[in-house]
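Read through the structure below, which is laid out as structure tokens, and then see the notes.
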DNA sequence: TAGAGCTTGTGAAAGGATGAACAAAGTGAA
DNA sequence: TTCACTTTGTTCATCCTTTCACAAGCTCTA
């Protein structure tokens, strides 16, 4: 199984990690904001500041894919945006499937931001017969039973799982059987997948728990510093 | 600014990263699943397998906080669960605030899984006067104007941002002013925060774009392997 | 053209995280 | 008790990522 978070890719230039790609995505977003403000040239210092990385990090991340800046000047925003879009693969349209039309699934169907990176939820699946056949935010809900055929007919390669954790593995297996090559998983469970399928987990629980840990830690530290050395 | 994803903490034992804490959260979840299946003892091999990490990784992660296993035997699940809950700080109740009751915010209000880690959304905020004063899924919606006073009155330290990116920074500033110490940010923007506030970003866009990159890459590789060496 | 003043791209060093390997410690059978 | 077997906790070596530092290259002015 490939864990995207630890996955590394080697090009003819060097090896870079999945983390690099996530940062590229972040840079792209900030570049678009600059563009909206009619800025045309930006330096690595400026773009890295609003992305919370060092300028060197930014320059190195780009260096894996080519040379996009002008020494002594900076980066032409228009060009860098289209280069990044091309690198990330969002310069063409992607159609994705969504499985599990619960409250989170519904929220994603309503999310307009997807179009920003050329992405369209082409179809959705659920087991609830009350939902099947209906359209929600313009997306048709199919029965999970027809998953494989609908996905193949629509030539879809990427899917989003927003089911309950109990059935997430089962759904993932079905998706892989239908030829899906990338899964964005919102179910709080570590999915087992075959080697040629990429998984990206969006795990609110992990994020929240680690947040709680750090807030809690800070409180403990504070207590210790103020002298109440009761127990550690 | 502290980036949670890169933040490191030093105890009297050693230094560990925020990644370690995320994994602890994952272990905890899997341990609970084992417990539901009435398993009582588990080895590092078993627990690490379903968490997609190596057994050594699992043992090392625990070693930062103490010795919880028995050599030659394994880990007593019941005990390890309560130890992890204590380490993560979820052995006591946390009340959080949510800002931005859009479709995603609403989905989070409906999410029952929060209670699993002793977390309750105590209040929510929005600017829409149609929502203010109402209760959604049992949570009262306040005006953002009263944010500081409501948060202070409820003694809340953690907040979730589910607003549009345009106003997210503004909301974050208000939250910090009200004494919030941890923010779970769903808005696709890198927030600027003061040093003593922890930020954890749940960034669907980054995850999706990196997923697209890898799926796309795989397709390019495939094309290259099959001989069509047109362009790289 | 020459030179000062930027900013990029990248080797080299430093710093962290992961993996291999093994001592320490528990179990159970003879 | 002794011995074979199992599994943990930890040291040491390796690998990967980030930071440092600087040469290369562009612009503008005189």
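Chains as they are written, first to last, in my numbering: chain B, 1124 to 1355; chain L, 1124 to 1355. Don't be surprised by glycine CBs; every beta carbon is placed ideally from N, CA and C.
Among residues of its own chain, excluding the 5 on either side of residue i, which ones have a beta-carbon nearer than 6 Å to its beta-carbon?
i                       : result
residue 1305 of chain B : 1281, 1321
residue 1176 of chain L : none
residue 1267 of chain B : 1248, 1250
residue 1208 of chain B : 1214
residue 1192 of chain L : 1198
residue 1328 of chain B : 1311
residue 1166 of chain L : 1197
residue 1288 of chain B : 1310, 1311, 1312
residue 1173 of chain L : 1153
residue 1206 of chain L : 1191
For residue i, I'd like the list of residues in its chain whose CB is within less than 7 Å of its CB, leaving aside the five on either flank, ordered along the chain.
i                       : result
residue 1257 of chain B : 1264
residue 1168 of chain B : 1178
residue 1276 of chain L : none
residue 1142 of chain B : none
residue 1227 of chain B : 1285, 1309
residue 1341 of chain B : none
residue 1295 of chain L : 1284, 1306, 1314, 1316
Between which two residues does the alpha helix (DSSP H) carrying residue i extend?
i                       : result
residue 1174 of chain B : 1167 to 1174
residue 1158 of chain L : 1141 to 1159
residue 1321 of chain L : Where residue 1321 of chain L is concerned, there is no enclosing alpha helix (DSSP H), although the beta strand (DSSP E) it sits in stretches over 1321 to 1324.
residue 1235 of chain B : Counting along the chain, residue 1235 of chain B falls outside any alpha helix (DSSP H), and DSSP gives it neither H nor E.
residue 1255 of chain L : Looking at the DSSP string, residue 1255 of chain L is not in any alpha helix (DSSP H), and its letter there is neither H nor E.
residue 1273 of chain L : 1270 to 1276
Quick check on the DSSP output: the beta strand (DSSP E) that includes residue i runs from which residue to which?
i                       : result
residue 1248 of chain L : 1242 to 1249
residue 1262 of chain B : 1262 to 1266
Residues in the same chain with beta-carbon distance under 8 Å from residue i, minus the five sequence neighbours each way, listed in chain order, please.
i                       : result
residue 1254 of chain B : 1224, 1264
residue 1215 of chain L : 1241
residue 1291 of chain B : 1284, 1308, 1310, 1312, 1314
residue 1297 of chain B : 1267, 1270, 1271
residue 1262 of chain L : 1221, 1232, 1244, 1245, 1246, 1247
residue 1339 of chain L : none
Rounded to whole angstroms, how far is the Cβ of residue i from the Cβ of residue j, which I believe are closer than 8 Å?
i                       : j                       : result
residue 1181 of chain B : residue 1171 of chain B : 4 Å
residue 1270 of chain B : residue 1301 of chain B : 6 Å
residue 1313 of chain L : residue 1149 of chain B : 7 Å
residue 1336 of chain L : residue 1212 of chain B : 5 Å
residue 1113 of chain B : residue 1204 of chain B : Because chain B here runs from 1124 to 1355, residue 1113 of chain B falls outside it and cannot be looked at.
residue 1164 of chain L : residue 1200 of chain L : 7 Å
residue 1152 of chain B : residue 1184 of chain B : So it is not a contact: roughly 14 Å between Cβ atoms.
residue 1144 of chain L : residue 1219 of chain L : Contact doesn't hold; Cβ gap of about 18 Å is too wide.
residue 1299 of chain L : residue 1286 of chain L : Residue 1299 of chain L to residue 1286 of chain L, Cβ: 15 Å. No contact.
residue 1303 of chain L : residue 1274 of chain L : 7 Å
residue 1325 of chain L : residue 1325 of chain B : 6 Å
Cβ of residue i within 7 Å of any heavy atom in the ligand SAH?
i                       : result
residue 1184 of chain B : Of ligands this structure carries none, so the ligand SAH is not represented either.
| said: Tell me which residues of the stretch 1189 to 1203 of chain B have at least one Cβ-Cβ distance to chain L shorter than 8 Å, keeping chain order. | reply: Shown here is that no member of the stretch 1189 to 1203 of chain B has a Cβ falling below 8 Å from a Cβ of chain L.
| request: Identify each residue in the stretch 1322 to 1339 of chain B for which the Cβ-Cβ distance to at least one residue of chain L is less than 7 Å, and report them in chain order. | output: For the stretch 1322 to 1339 of chain B, the set of positions with a beta-carbon nearer than 7 Å to some beta-carbon of chain L reads 1323, 1325, 1327, 1328, 1329, 1330, 1331, 1332, 1333, 1334, 1335, 1336, 1337, 1338, 1339 in chain order.
| Short-range partners of chain B found in the stretch 1162 to 1177 of chain L, where Cβ spacing is below 8 Å | Cβ contacts with chain B come from 1173, 1174, 1175.
| query | Counting only runs that start and end within the stretch 1283 to 1339 of chain L, where is the alpha helix (DSSP H) found for 4 or more residues in a row? | reply | List check, alpha helix (DSSP H) in window: 1288 to 1300.
| said: Restricting to runs no shorter than 3 residues, where is the beta strand (DSSP E) found entirely within the stretch 1187 to 1220 of chain B? | reply: With a minimum length of 3 residues, the continuous beta strand (DSSP E) runs that stay inside the stretch 1187 to 1220 of chain B are 1197 to 1199.
| said: Residues of the stretch 1299 to 1316 of chain L in Cβ contact with chain B at a cutoff of 7 Å, in chain order, please. | reply: Within the stretch 1299 to 1316 of chain L, the qualifying residues are 1304, 1305, 1307, 1311, 1313.
| request: Residues of the stretch 1205 to 1216 of chain B with a CB closer than 8 Å to any CB of chain L: list them in chain order, please. | output: Flagged, chain order: 1210, 1211, 1212, 1213.
| task | Could you name the residues of the stretch 1226 to 1240 of chain B whose beta carbon sits closer than 9 Å to any beta carbon of chain L, in the order they occur along the chain? | result | Residues passing the 9 Å Cβ filter: 1226, 1227, 1228, 1229, 1230, 1231, 1232, 1233, 1234, 1236, 1237, 1239, 1240.
| Residues from the stretch 1271 to 1303 of chain B in contact with chain L, defined by Cβ distance under 7 Å | Along the stretch 1271 to 1303 of chain B, the positions whose C-beta sits under 7 Å from a C-beta of chain L are 1280, 1281, read in chain order.
| said: Under 7 Å, CB to CB, which of the residues in the stretch 1146 to 1161 of chain L have a partner in chain B? | reply: For chain B, the residues of the stretch 1146 to 1161 of chain L that bring a beta carbon within less than 7 Å of one of its beta carbons are 1148, 1149, 1152, in chain order.
| field | Residues in the stretch 1239 to 1260 of chain B having any Cβ partner in chain L nearer than 8 Å | value | Cβ contacts with chain L come from 1239, 1240, 1242.
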